[in-house]
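Have a look at the structure below before the remarks.
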Amino acid sequence: MEVKIEIADYLSEDEMHDIARDVFRSQLASQLGNKPLDEVVRVVGNQIYKELENEINELVKGDETLRETIKRMTIEVLNKRDSYQYKVFRAPNDWDNTSSLGWQIMQQSIKDHKDDIDKHIQDEIDKYNWTEEIQKQIRDKFEEVGNKVYDAFYELGKLIGRKE
1 MEVKIEIADY LSEDEMHDIA RDVFRSQLAS QLGNKPLDEV VRVVGNQIYK
51 ELENEINELV KGDETLRETI KRMTIEVLNK RDSYQYKVFR APNDWDNTSS
101 LGWQIMQQSI KDHKDDIDKH IQDEIDKYNW TEEIQKQIRD KFEEVGNKVY
151 DAFYELGKLI GRKE
């Protein structure tokens, strides 16, 4: 005789969610030991992003419409004034020298529209009001940075030239 028990008959959705969360935390703690919380968050976050990236790559591979959407949205993002702070896809880095498929499509779209991007940047520079005060501030800042670079090289030269 087989006995079948439906857990949903005995536990609410919230209770099942709480139990699953507790089991997950317990398993994670046993796997990661006494690592600091920020390390645990980093490990879990990296794994979630990796799984999400794999899912997105599979979607992008088989969907030409989605590929075209990425290209179109890349252009839209580049045309927005303050949009350059956003990171949408994974670029190659020190730990993984491969990039996501979305990153590759986006990079190709940027290359394909390089002239438009250059023109947009030049237009922004040309229409800026370069008052004498702004020009002076820019010259002063370059002089300040130049002095710091000179001082750093001077100190480095003293260290290298030092005889022990």
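Numbering (my numbering) for the sequence shown: 1 to 164. Every residue, glycine too, gets a C-beta built ideally from N, C-alpha and C.
- Given a length threshold of 4 residues, each whole run of the alpha helix (DSSP H) inside the region 70-120 is given here in chain order: 101-112.
- In the three-state reduction of the DSSP assignment, G33 falls in the coil class, being assigned neither a helical nor a strand state.
- The alpha-carbon of E133 is positioned some 25 Å away from that of Y150.
- Nearest to I121 by alpha-carbon distance, out of K80, W103, D140, L159, is K80.
- Under a 10 Å Cβ-count criterion, S100 is classified as buried, with 16 or more other Cβ atoms of the shown protein chains found around its own Cβ.
- In this structure M106 touches F89 by the C-beta definition: roughly 6 Å separates them, less than 8 Å.
- Each residue's CA atom was taken as its position, placing I160 and N147 some 20 Å apart.
- Between I7 and M1, the CB-CB gap reaches or exceeds 8 Å.
- Comparing alpha carbon positions, the residue from E76, I19, N129 closest to I117 is E76.
- For N147, the enclosing alpha helix (DSSP H) has its first and last residue at 132-161.
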